[in-house]
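Colleague: In our numbering, the protein residues as written are 610 to 730.
Written out as structure tokens, the structure is:
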């Protein structure tokens, strides 16, 4: 199990997976660049999000395919969910996971600002 939380601990995430994602994704699109997230993609079926004091707030724009969730107390963006309920893919911001876990993982750079392709390593 992998645990994540926002800075203040209001939002806790538990990921029930046997193995970590093969790589974390660093995207340079307008929102990901400002958030500074490292996304770990997975099925929502393995993720449990607990909101303690206050519910997270979501933000969507453009075609509104994704809802980015952030803590209303400390402001950390913790995860995003597709707005289409039939989708079987979401992402957790691994910046909310223990740094030692993240440091051991491979990071792939994705050009979400222009080509929508992974940048060669």
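A virtual CB, placed ideally from N, CA and C, is assigned to each residue, including glycine.
I want to know whether the stretch 651-669 touches the stretch 693-704 - three or more CB-CB distances under 8 Å.
Modeller: yes
Colleague: Does residue 619 pass the burial test, meaning 16 or more other C-beta atoms within 10 Å, or should it be called exposed?
Modeller: On the chain shown, residue 619 is found 10 positions in, with the first residue counted as 1. So residue 619 counts as buried.
Colleague: Report the residue from 638, 649, 709, 686 whose alpha carbon sits nearest the alpha carbon of residue 671.
Modeller: Indexing the chain shown from 1 puts residue 671 at position 62. Comparing Cα-Cα distances from residue 671 to each of 638, 649, 709, 686, the minimum goes to 638.
Colleague: For residue 616 and residue 669, I'd like the C-alpha separation in whole angstroms.
Modeller: To locate residue 616, count along the chain shown from 1; it is residue 7. To locate residue 669, count along the chain shown from 1; it is residue 60. Each residue's Cα considered, the two are about 22 Å apart.
Colleague: State the DSSP-derived secondary structure class of residue 740, mapped to helix, strand or coil.
Modeller: The displayed coordinates of the chain run from 610 to 730. Any statement about residue 740 would go beyond what the structure contains.
Colleague: Distance check for residue 697 and residue 550, CA to CA, integer angstroms please.
Modeller: The requested residue 550 is not part of the displayed model; the chain covers only 610 to 730.
Colleague: Please identify the residue among 688, 729, 724, 695 whose C-alpha is closest to the C-alpha of residue 621.
Modeller: As a first step, residue 621 is located in the chain shown; it is residue number 12 there, counting from the start. Per the Cα distances, 688.
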